[in-house]
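**Student:** Under full-length UniProt numbering, residue 334 is the last one in the sequence shown; the count climbs by one each step, no gaps.
Right, I'll just put the structure down here and ask away after.
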Amino acid sequence: MKYLQTLLLLVFFVSCNQNEKFVKAKIKLSEIDSLKTEAEIEKYIGEKDTLYKIFELKNIQSIKSNDFAEFDSLNKILANKVNVEYSYVKADFDNNGYTDLLAIGDNNTNDGESPNVNIEIPFTKDFNTIVLMNFSTKKTKLYDLDKDLFFPIVPKVEYVNSQPFIIVYKQKTKPFCGLKGKEESKSKLTFKYDGFVEYHPEEKSYDIEKIEFFMSPCMGQCPLYNFEINSDRTAKFTDELLYRTKKWKSIKHLKATISEKEYNELISLLNYIDFEKLNDNYNVNWTDDRSSILKITYNNGEVKTIEDYGLLGTYGLQRVYEMLVKLRTNQNWK
1 MKYLQTLLLL
11 VFFVSCNQNE
21 KFVKAKIKLS
31 EIDSLKTEAE
41 IEKYIGEKDT
51 LYKIFELKNI
61 QSIKSNDFAE
71 FDSLNKILAN
81 KVNVEYSYVK
91 ADFDNNGYTD
101 LLAIGDNNTN
111 DGESPNVNIE
121 IPFTKDFNTI
131 VLMNFSTKKT
141 KLYDLDKDLF
151 FPIVPKVEYV
161 NSQPFIIVYK
171 QKTKPFCGLK
181 GKEESKSKLT
191 FKYDGFVEYH
201 PEEKSYDIEK
211 IEFFMSPCMG
221 QCPLYNFEIN
231 SDRTAKFTDE
241 LLYRTKKWKS
251 IKHLKATISE
261 KEYNELISLL
271 NYIDFEKLND
281 NYNVNWTDDR
291 SSILKITYNN
301 GEVKTIEDYG
311 LLGTYGLQRV
321 YEMLVKLRTN
331 QNWK
């Protein structure tokens, strides 16, 4: 009898899971749907985001990197291996009914030689993967999927039950200057929390008691700061502005109550990316960058600490860092 009850329960849960299928939103036509040529797409990208006003579409096989020929060659091999030959793909990545645009190519907006360079514009890279998210007929936003300085990615759009995902393939890297190399990898990305993060079909629910975040300086004039955020949303913020050309520095000790909206979004994201299962250490394969330490106290005193040299550990962590950095300016610190 117990066996029969167990079997019936199993059938019930399987049936429920099968019923929770992805429901594709009906497409609402917008300007992206009307773009037919690469020239039209390049012009559209430049008009929507001036940091990419001189963007040239290229598939991975057409990109040539004179400075990093070895990495470029390995990326071409990887792209051929997973059958990625396009320079752009249209898909509705957030299922809001509006078509989005994934584009691969060169950003030639800033060559670093202009006397009036806008420092927000990334220097020209031989390889870029960007996604122009379409939130309405009048609102779009560009997201950079490849923030690695030297090692390009291979982005492939794959569908599961009509739901589009971006599968990011990364090539194997060698150890460098004491930093660990990495094996070839792939990440399945979905659009959530205003960014692309690793997809998790089941969201965890940890009881997060405290979040501590430390950001180190870099070789330039990056600010040194740290946060401490409690479960009641009270927070402490220490901001140290280092001036390498002067013999003094400015230190601020501030307090605030984080807004309910920002706090809940941060907690929800940490649960979604399943922070407990992430590595304790991440690193990029170059030197002279900044690092961070994210410390989370949860579930009655358990502690998870993540050290990340270069701040590119995972896509989910990158989004966490972005949320935390924004707290410096979008809260009422006193």
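Note that CB positions come from ideal geometry on N, CA and C, so glycine has one too.
#1: Are the CB atoms of residue 153 and residue 129 nearer to each other than 8 Å?
#2: Nearest CA to the CA of residue 310: which residue from 329, 299, 83 and 281?
#3: According to DSSP, simplified to helix, strand and coil, what is residue 130?
#4: Per DSSP, residue 230 is paired with what?
#5: At the level of alpha carbons, what is the spacing between residue 135 and residue 96?
#6: Does the Cβ-Cβ distance between residue 307 and residue 296 come in under 8 Å?
#7: Let me check understanding here. Comparing Cα to Cα, which of 193, 192 and 170 lies closest to residue 185?
#8: Report all residues from its chain with a CB closer than 8 Å to the CB of residue 108; omit the five preceding and five following residues, and keep chain order.
#9: Counting only C-beta atoms, is residue 315 closer than 8 Å to chain C at any point?
#10: Mapping DSSP to helix, strand and coil, what is residue 91?
#11: Put residue 199 into one of helix, strand or coil per three-state DSSP.
#12: Could you pull out every residue in the same chain whose Cβ sits closer than 8 Å to the Cβ of residue 86, ignoring the five residues on either side in sequence?
#13: Would you identify the three-state DSSP class for residue 256, choosing helix, strand or coil?
#14: Is it buried or exposed for residue 29, if we count other Cβ within 10 angstroms and need 16 for buried?
#15: Residues bridged to residue 215 by DSSP?
#16: Taking the beta carbon of residue 42 as the centre, do at least 16 other beta carbons fall within 10 Å, making it buried, or is it exposed?
#17: Tell me the DSSP bridge mates of residue 365?
#18: Along the chain, where does the beta strand (DSSP E) that runs through residue 31 open and close?
#19: Three-state secondary structure (DSSP) at residue 25?
#20: Quick check on residue 329: does DSSP put it in helix, strand or coil?
#21: Which of the three DSSP states, helix, strand or coil, is assigned to residue 187?
#22: Among the residues of its own chain, which have a CB less than 7 Å from the CB of residue 162, if the five just before and after it don't count?
#23: Let me make sure I understand the geometry here. Which of 305, 324, 302 and 285 has the alpha-carbon closest to that of residue 312?
#24: Give the secondary structure of residue 54 by DSSP, where H, G and I count as helix, E and B as strand, and everything else as coil.
#25: Between the Cα of residue 325 and those of 141, 65 and 216, spot the shortest distance and give me the residue it belongs to.
#26: Let me check understanding here. Comparing Cα to Cα, which of 88, 222, 265 and 99 lies closest to residue 289?
#27: Which residue wins for smallest C-alpha separation from residue 225, given the options 61, 80, 50 and 327?
**Tutor:** Let's see:
#1: Contact check for residue 153 against residue 129 passes: the beta carbons are separated by less than 8 Å.
#2: Nearest C-alpha to residue 310: 281.
#3: If DSSP states are grouped into helix, strand and coil, residue 130 belongs with the strands.
#4: Paired residues: 210.
#5: Here the alpha carbons of residue 96 and residue 135 stand approximately 7 Å from one another.
#6: No, Cβ-Cβ distance for residue 307 and residue 296 is not below 8 Å.
#7: Restricting attention to 193, 192 and 170, the CA atom closest to the CA of residue 185 is found in 170.
#8: So the list reads 54, 55, 56 and 124, once near-sequence residues are dropped.
#9: Included in the structure is just one protein chain, with no chain C present.
#10: In the structure shown, residue 91 sits in a strand (DSSP, three-state: E or B).
#11: In the structure shown, residue 199 sits in coil (DSSP, three-state: anything other than H, G, I, E or B).
#12: Here the set comprises 59 and 104.
#13: Correct three-state label for residue 256: strand.
#14: Counting Cβ neighbours within 10 Å, residue 29 comes out exposed, since fewer than 16 surround it.
#15: 225 and 292.
#16: By the 16-neighbour rule on beta-carbons within 10 angstroms, residue 42 is buried.
#17: Any property of residue 365 remains undetermined from this structure, which presents the chain solely from 1 to 334.
#18: For residue 31, there is no enclosing beta strand (DSSP E); the enclosing alpha helix (DSSP H) covers residues 31-34.
#19: Coil at residue 25, not helix or strand.
#20: Correct three-state label for residue 329: helix.
#21: Residue 187 falls in the strand class under three-state DSSP.
#22: Only 22 and 24 meet the Cβ criterion.
#23: Nearest option by C-alpha distance: 285.
#24: It is coil, neither helix nor strand.
#25: That would be 216, whose Cα lies nearest to the Cα of residue 325.
#26: Distances from the CA of residue 289 to each of 88, 222, 265 and 99 were compared; the closest alpha carbon is that of 222.
#27: Of the candidates 61, 80, 50 and 327, the one whose C-alpha sits nearest the C-alpha of residue 225 is 327.
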